[in-house]
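Here is the structure we will look at, set down as structure tokens.
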Amino acid sequence: MRRPLVALLFAIALASCGPPGGAKFIRAYAAGDRAYSSGRYLEAAEAYEEAAKTASRDRDHDEALYSAGVARERAGDLAGALKHFDALAAENPPGERAVRAAFRAAHIRIEQGDEKRGFADLEKIILRAPEHGVTRRALQAVVGKIEETDGKAAAIAWEEKLYPAVAKTRLGEELCYDLAHRREAAGEERAALAGFLSCADQYPYPKGALWDDSLWHASRLHEKLGDPKAAIAALERMLAAREPSYMSGSYNRPRMAAAQFRIAVLQRDLLKDPAAARASFHKVYVEHTTSILRPRALFEEAKLAAESGDGSSACSLGEKLIAEFADTRWARNADEACPQLAAKAGELRKKRAEKRAKGKPTDDD
């Protein structure tokens, strides 16, 4: 008797729980989804509103009301949309949709011509929810308006004033990075350089999402200001953080392969150190095994080898180019570094010309 009794009690418990949100909520919300996907936005809004009324959980109520606001906005009923978005934004404590609802309400007001209220509401979002995903868009909208109205200097001053309040948040790094770019655009190159380096210091690897970008731009500005050694040092700082991956995936940041390539270019063109440049180009090929820069790095290494009188290495690198990267322009031009490869490189050029004559795409079209 004990097992049947346990089973019966378990079944009763399951039945009493019901589906999340309640059956009425689910039916009404599903009806809203069907109408919305068919372009019947007012019908969808009414169904979502019914779902909000029947929701047994706050999060379900908020989701349904937000969906109703979106549907009314799509239908052109901006007053109805604002009513829902404002209600969600005013909730205390705020629900999961509060910030996004406030963001949409602000944009509706801006589009309707109430820019003063709309941009003021966006500023409130920035201070209220600096960790939220839409806050970056709010920031760009506000600072863009300030620059449009009052100029670049005013936009920079506004961001400088805002930064201390959000420095330790997700938005802080975005603001630091944007501020450095704006300083550069305003012609303040040394201030921009200091800004990018500050971003890299305050938001370091691995948590800093823009850490490698900050060092990249710092390197670029070091070069522009006449200090190629500092430009290389910034890139070497980035590459020093590379980690090996022993399973699938990679710890490489997007800029790392390009950073190694750029080091080689700086060594070759500005420091006039072809031996160091050769070694750096080779690192791109050896260490950045998924980078599209590998064939070009081999080509540049081969050319440097040829220019230094090391024809054997130049031809060896050219052979490697043709063997591993036959579909690239660098392989087709391998004979620039090693004339002995003229026949093989010429055959690759011929095959590409034939493909293009037939209208077939090639890898580097």
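Take 112 as the starting number for the sequence shown in the numbering used here and just add one per residue. Heads up, the beta-carbon is just placed ideally off N, CA and C, and yes, glycines get one too.
Which class does residue i belong to by DSSP, given the choice of helix, strand or coil?
{"i": "residue 448", "result": "coil"}
{"i": "residue 117", "result": "Per-residue confidence for residue 117 stands at a pLDDT of 44, beneath the threshold of 50, marking its modelled position as unreliable; the derived number appears in the next sentence. If DSSP states are grouped into helix, strand and coil, residue 117 belongs with the helices."}
{"i": "residue 466", "result": "helix"}
{"i": "residue 191", "result": "helix"}
{"i": "residue 245", "result": "coil"}
{"i": "residue 140", "result": "helix"}
{"i": "residue 340", "result": "helix"}
{"i": "residue 299", "result": "coil"}
{"i": "residue 204", "result": "coil"}
Going by C-alpha to C-alpha distance, which of the options sits closest to residue i?
{"i": "residue 267", "options": "324, 303, 284", "result": "303"}
{"i": "residue 332", "options": "351, 312, 308, 319", "result": "308"}
{"i": "residue 485", "options": "133, 160, 182", "result": "No answer is possible for residue 485: the residues shown for the chain start at 112 and end at 476."}
{"i": "residue 387", "options": "407, 233, 363, 412", "result": "412"}
{"i": "residue 172", "options": "184, 195, 189, 152", "result": "195"}
Tell me whether residue i is buried or exposed, calling it buried when 16 or more other Cβ atoms sit within 10 Å of its Cβ.
{"i": "residue 409", "result": "buried"}
{"i": "residue 199", "result": "buried"}
{"i": "residue 224", "result": "exposed"}
{"i": "residue 439", "result": "buried"}
{"i": "residue 365", "result": "exposed"}
{"i": "residue 371", "result": "buried"}
{"i": "residue 455", "result": "buried"}
Rounded to whole angstroms, what is the Cα-Cα separation between residue i and residue j?
{"i": "residue 444", "j": "residue 177", "result": "58 Å"}
{"i": "residue 274", "j": "residue 287", "result": "7 Å"}
{"i": "residue 301", "j": "residue 293", "result": "12 Å"}
{"i": "residue 368", "j": "residue 138", "result": "52 Å"}
{"i": "residue 490", "j": "residue 396", "result": "The structure shown does not extend to residue 490, since the chain spans only 112 to 476, so no value can be given for it."}
{"i": "residue 249", "j": "residue 315", "result": "25 Å"}
{"i": "residue 429", "j": "residue 269", "result": "54 Å"}
{"i": "residue 245", "j": "residue 201", "result": "17 Å"}
{"i": "residue 415", "j": "residue 423", "result": "12 Å"}
{"i": "residue 284", "j": "residue 290", "result": "10 Å"}
{"i": "residue 405", "j": "residue 252", "result": "39 Å"}
{"i": "residue 233", "j": "residue 208", "result": "15 Å"}
{"i": "residue 150", "j": "residue 217", "result": "24 Å"}
{"i": "residue 505", "j": "residue 320", "result": "With the chain represented from 112 up to 476, any question about residue 505 goes unanswered, as that position is not in the structure."}
{"i": "residue 437", "j": "residue 257", "result": "52 Å"}
CB-CB under 6 Å to residue i, same chain, minus the five flanking residues each way: which ones, in chain order?
{"i": "residue 57", "result": "Outside the shown range of the chain, which is 112 to 476, sits residue 57, and nothing can be said about it."}
{"i": "residue 398", "result": "none"}
{"i": "residue 343", "result": "374, 377"}
Quick one: residues in its chain with C-beta nearer than 7 Å to the C-beta of residue i, no 5 flanking neighbours on either side, listed in chain order?
{"i": "residue 348", "result": "326"}
{"i": "residue 558", "result": "The requested residue 558 does not occur in the structure, where the chain is confined to residues 112 to 476."}
Is there at least one Cβ from chain B nearer than 8 Å to residue i's Cβ?
{"i": "residue 402", "result": "No chain B is present in this structure, which holds just one protein chain."}
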